[in-house]
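Worksheet for the structure shown next.
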Amino acid sequence: MIQDRGRLKWSSFTLPEHKKMIAKMYEAEHDVKQPVIDEQRLEELQAATVHAMSKNRTVRITYHENKRFKEAVGTIAKVDQLTGMIHLDAAGRPLRIPLLAITDLQTIEDSMLFIID
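If you count by my numbering, then the sequence shown holds residues 1 to 117, one letter each, in order.
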């Protein structure tokens, strides 16, 4: 009976271009499309933003960037309607998040506050 090498037999035929293409393909599998936020949800996000700014509360913002969801924790320093950006003070680091990229905004109570690295 003939002993076959299985996958090892074909592994030498992959070119560097193929490896790059396969890596891009695996990465593209995890891409997430930006969800469409309806008008009611936009009003809820706006109300939460105004409340957090008026009470100077710490917030957790979930937003869409580069085909991924990201989270930021901090206090809202400013909402710039002209440029469409929220300026967030995230643990001493200024962060600008586009208003249209925000998918969720939650106020964090002081007792629930923890640092995300």
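Idealized CB from N, CA, C, for every residue including glycine. Since the model is a prediction, treat every value here as computed from it, not as a measurement.
Check: Identify the continuous alpha helix (DSSP H) that holds Ile22 and give its terminal residues.; Outcome: Pro16 to Ala28
Check: Here's the rule I'm using: 16 or more other beta-carbon atoms within 10 Å means buried, otherwise exposed. How should Ala23 be labelled?; Outcome: exposed
Check: Taking 8 Å as the cut-off, decide whether the C-beta atoms of Tyr63 and Ile102 are in contact.; Outcome: yes
Check: Curious, which full-length beta strand (DSSP E) runs of at least 3 residues does the segment 24-80 contain?; Outcome: 58-65 and 68-80
Check: Select from Thr75, Glu29 and Tyr26 the residue whose C-alpha is nearest the C-alpha of Ala90.; Outcome: Thr75
Check: Let me check understanding here. Comparing Cα to Cα, which of Thr58, Ser54 and Glu65 lies closest to Val32?; Outcome: Glu65
Check: Would you call Ala72 buried or exposed, if buried means 16 or more other Cβ atoms sit within 10 Å of its Cβ?; Outcome: buried
Check: Where does Thr58 land, buried or exposed, given buried means 16+ other C-beta within 10 angstroms?; Outcome: buried
Check: By the three-class DSSP mapping on this structure, what secondary structure does Leu100 have?; Outcome: helix
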